[in-house]
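S.K.: The sequence shown begins at 48 in this note's numbering and counts up by one. First the structure, then my questions, so here it is.
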Amino acid sequence: MKSTQLTFICHALTDAQRVGRFHSMEDGLRRSVEPQDWAGQGARVLIAPELRTRQTAEGLGLSGQLDSTLRDCDFGRWQGVSLKRLEQDDPTGLQQWLSDPQAAPHGGESVAQVCTRVASWMDDTLLPGSWLVVTHPMVIRAALRHVLECPLAALQHIDVLPLAQVRLSRFGRWRLRIE
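Set out below in structure tokens:
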């Protein structure tokens, strides 16, 4: 049995995060990212397809394969809409989405669907080896939930900051690696 070393890197800060609105596919970074030396890790790199993750990877000096499984949650008609606006225009839908991980009042993906997608990718698709993955807070939260075997509601208690790194490993079972 071979091991898997998986390092998630959250995309850098965006204007959407700064002002509290749901991302759209075209959202880019708020400012450039400083390159880092990843060469010594020898890891294969996977990048979510959105502009903000591609810009983050480029800024960090990483090049790799785009993987649509690592995409952000599909927020449907809420893409680009601020939380303040939703509180005014769709308070019931927003409350439903915040309290029920199965709900998708925006017409996109539910939190539960994102968690299922990420868990399936981790367990069934990801090959052994060393990996760097540039993706989104929601995807990283879903991965942590899967590894820790938490209830879906636990996602509301996990913050993933811009450029945060989360290390996981698998040798028979997934583990969170705190270094």
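The beta-carbon is built from N, C-alpha and C at its ideal position, and this holds for glycine as well.
Terminal residues of the continuous alpha helix (DSSP H) containing residue 106?
M.R.: 98 to 106
S.K.: Should residue 104 and residue 181 be called a contact, given that it needs their Cβ atoms to be closer than 9 angstroms?
M.R.: yes
S.K.: Do residue 118 and residue 150 have their C-beta atoms within less than 9 angstroms of each other?
M.R.: At least 9 angstroms separates the beta-carbon of residue 118 from that of residue 150.
S.K.: What does a CB cutoff of less than 6 angstroms around residue 91 pick up in its chain, not counting 5 residues either side in sequence?
M.R.: Answer for residue 91: 178, listed in chain order.
S.K.: According to the neighbour-count rule (16 or more other Cβ atoms, all chains shown, within 10 Å of its Cβ), is residue 55 buried or exposed?
M.R.: buried
S.K.: Who are residue 93's beta bridge partners in DSSP?
M.R.: 112 and 180
S.K.: DSSP on residue 128, reduced to helix/strand/coil?
M.R.: coil
S.K.: Starting from the C-beta of residue 168, find all residues in its chain whose C-beta is less than 7 angstroms away, skip the five residues before and the five after it, and write them out in chain order.
M.R.: Its chain contains 116 as the residues whose beta carbon lies nearer than 7 angstroms to that of residue 168, once the 5 sequence neighbours on both sides are disregarded; these appear in chain order.
S.K.: Is the beta carbon of residue 211 less than 9 angstroms from the beta carbon of residue 57?
M.R.: yes
S.K.: Report all residues from its chain with a CB closer than 6 angstroms to the CB of residue 140; omit the five preceding and five following residues, and keep chain order.
M.R.: 152
S.K.: Which whole runs of the alpha helix (DSSP H) in the region 157 to 218 are 4 residues long or more, in chain order?
M.R.: 158 to 167 and 184 to 195
S.K.: Ordered along the chain, which non-local residues of its own chain (more than five positions away) have a Cβ less than 7 angstroms from that of residue 89?
M.R.: 177
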